[in-house]
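Take the sequence shown: its position 290, counted from the start at 1, is 302 in our numbering, and no numbers get skipped.
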Amino acid sequence: MTRSSDELATLPQGMMIAALDLMSYMLGDALKATDADDVLCEMCDRIRRAGVPLDRASSIVPLLHAEAVASARFWERGAGARSYLFPYSAESGEGYSNSPAADAHNSGEWVVMWLPDTPDDRYDIVSELKEAGHTHYVMAPVFMRSGMSSTFSFATCDPVGFSAQHFAFLRAVFPALAACQEILTTNRAMHEVMRMYVGDEPHRRILSGDVHRGEVMHIRSAILFADMRRFTELTADMSAEAATGLLNTYYDCLVPPVEEAGGEVLKFMGDGILAIFRAEEDGVAACAAALKASRDGLARVGQAKTTPVFEVGIALHFGEVAYGNVGSGMRLDYTVIGRDVNVAARVAGFCGTLNEPLLVSEAFVAQSGVQGRSLGLHTLKGLATAQDVYSVGV
13 MTRSSDELAT
23 LPQGMMIAAL
33 DLMSYMLGDA
43 LKATDADDVL
53 CEMCDRIRRA
63 GVPLDRASSI
73 VPLLHAEAVA
83 SARFWERGAG
93 ARSYLFPYSA
103 ESGEGYSNSP
113 AADAHNSGEW
123 VVMWLPDTPD
133 DRYDIVSELK
143 EAGHTHYVMA
153 PVFMRSGMSS
163 TFSFATCDPV
173 GFSAQHFAFL
183 RAVFPALAAC
193 QEILTTNRAM
203 HEVMRMYVGD
213 EPHRRILSGD
223 VHRGEVMHIR
233 SAILFADMRR
243 FTELTADMSA
253 EAATGLLNTY
263 YDCLVPPVEE
273 AGGEVLKFMG
283 DGILAIFRAE
293 EDGVAACAAA
303 LKASRDGLAR
313 VGQAKTTPVF
323 EVGIALHFGE
333 VAYGNVGSGM
343 RLDYTVIGRD
353 VNVAARVAGF
363 CGTLNEPLLV
373 SEAFVAQSGV
383 QGRSLGLHTL
393 KGLATAQDVY
403 SVGV
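As structure tokens, then:
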């Protein structure tokens, strides 16, 4: 028998039934829930109904996220659940290093504190727990098959704390709690990593089964292509770290305006950015959003404080982009292809030669109705028909 089943066998019948009920919930309905706060609330309510005097609990899980390192959910009796993201920074690990979670992960054992006898400087959280009237505190580690580690914590304000029977209940149900947490965390990480690296639409399509070579999806949209002028020259004498920092500053100028205007960044290609604004039924609105995002992005570039100073060229076109699975064997890329993507990239190439930060194609002018100044017909590399290129100002 496992330790969990050993603990279950020691429980009185009422608590055993409550334990089995909670385990069934965590491995059943909880896995279908759309709000993890609801899962934590239901879990804690069931623990209390079993007779455990739980007053506070938490679930802290690691994230594979560009801007956060962990997600914490806290439950308090009478107040429900609240969630918090721990942002990523150079100091992200400092709070963790002096926490019961660190000791639990290092030892692989539950950290149990009888708070009246615990010095305030034992962990950063001790004084907070005492001030809130808690007497007994447990930090329990969860080790996932992915290599990530997470935690649950339990605390009570009961004057005599958790009894041996209460601990037996928590240990009996803990494998189910940990399994639920791991499944939900892994699912969240999969979605966040996919979205982070391939974007919204590709991540949804890939996870829905669009993983076969040759499958193509067409999207009518306003297309934005941007690149940093003279990037190779500007970074020729930079370290890789400095060049990456400059590139990230450039992305920070352009990507937020695209997303705020409802656009989707599809690809980062070195110093190139490809984004779309879906037309759906209204191409005019898509073009207006793309134009606003471009002007807002260029305004941010003008305000950026970098050494060296950089300039950006943006081209807007209207047409159709195609997502397609390309590659060989087991190695595929979900990439963007099509004539209209090439047009946008070629028009962007004229920003430098024409000394214009923002250019639009004749198709964009025709669709949007924007008043542009014609810069004449230009032959776009790889395309047979010359295109009229317009300046629309910033």
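Beta carbons: idealized from backbone N, C-alpha and C, even for Gly.
Keep in mind the model is a prediction, meaning the values are calculated, not measured.
| Asked | Found |
| --- | --- |
| Reduced DSSP secondary structure (H/G/I, E/B, other) of P24 | coil |
| Bridge partner(s) assigned by DSSP for T168 | H148 |
| Backbone CA spacing between L246 and R358 [nearest angstrom] | 21 angstroms |
| 3 or more residues per run - each beta strand (DSSP E) lying fully within the region 84-119 | 92-99 |
| L259, enclosing alpha helix (DSSP H) - first and last residue | 252-272 |
| For F280, the residue or residues it bridges with in DSSP | I285 |
| For N337: DSSP bridge partner residues | Y346 |
| Three-state secondary structure assigned by DSSP to Y135 | coil |
| With 16 other Cβ atoms within 10 Å as the buried cut-off, status of R290 | buried |
| N367 classed as buried or exposed, judged by whether at least 16 other C-beta atoms fall within 10 angstroms | exposed |
| Check whether A78 and M281 have beta carbons under 7 angstroms apart | no |
| Pairwise C-alpha distance: K304 and G274 | 11 angstroms |
| Nearest neighbour of A234, chosen from T130, F376, C53, R68 [CA to CA] | F376 |
| Element boundaries [beta strand (DSSP E), containing H203] | Per DSSP, H203 belongs to no beta strand (DSSP E); it is in the alpha helix (DSSP H), 176-210. |
| Whole-number beta carbon distance between L236 and S139, since they are thought to touch under 8 angstroms | About 52 angstroms separates the two Cβ atoms, so there is no contact after all. |
| Residue nearest to D352 in terms of C-alpha spacing, selected from I231, R60, A302 | I231 |
| Assigned exposure category for D239 - 16 Cβ within 10 Å defines buried | buried |
| Buried/exposed call for I59, threshold 16 Cβ in 10 Å | buried |
| Endpoints, beta strand (DSSP E) assigned at G388 | 385-390 |
| Span of the alpha helix (DSSP H), counted from its first residue to its last, around A357 | 351-365 |
| Spatial neighbours of K393 in its chain, beta-carbon cut-off 7 angstroms, leaving aside the 5 residues before and after | R358 |
| Range of the contiguous alpha helix (DSSP H) that encloses A301 | 295-315 |
| M229: first and last residue of the uninterrupted alpha helix (DSSP H) it sits in | Run containing M229: none in the alpha helix (DSSP H); it sits in the beta strand (DSSP E), 228-240. |
| Where V400 sits in the DSSP three-state scheme | The amino acid at residue 400 is misidentified as Val; the sequence shows Asp. Correct three-state label for D400: strand. |
| Where H329 sits in the DSSP three-state scheme | strand |
| Three-state class that DSSP yields for T244 in the structure shown | helix |
| Collapsed DSSP secondary structure at R217 in the structure displayed | helix |
| Inter-residue spacing [alpha-carbon to alpha-carbon] between V81 and P99 | 6 angstroms |
| Per-residue burial, R61 [other beta carbons within 10 Å of its own, 16 or more giving buried] | exposed |
| Pair within 7 angstroms by beta-carbon distance, G384 and V372 | yes |
| Proximity below 7 angstroms, CB of L387 to CB of S403 | yes |
| Where M13 falls, given that 16 or more other Cβ within 10 Å makes a residue buried | At M13, the pLDDT of 36 sits below 50, so the modelled position is not reliable and the matter cannot be decided from this model. |
| Spatially closest choice to G221 from W122, Y346, H146, by CA coordinates | Y346 |
| Cβ contact check for the region 139-153 and the region 31-40: 3 or more pairs under 8 angstroms | no |
| Alpha helix (DSSP H) segment containing M55, residue limits | 48-61 |
| From V355, A334, T397, E253, residue whose alpha carbon lies closest to that of I349 | A334 |
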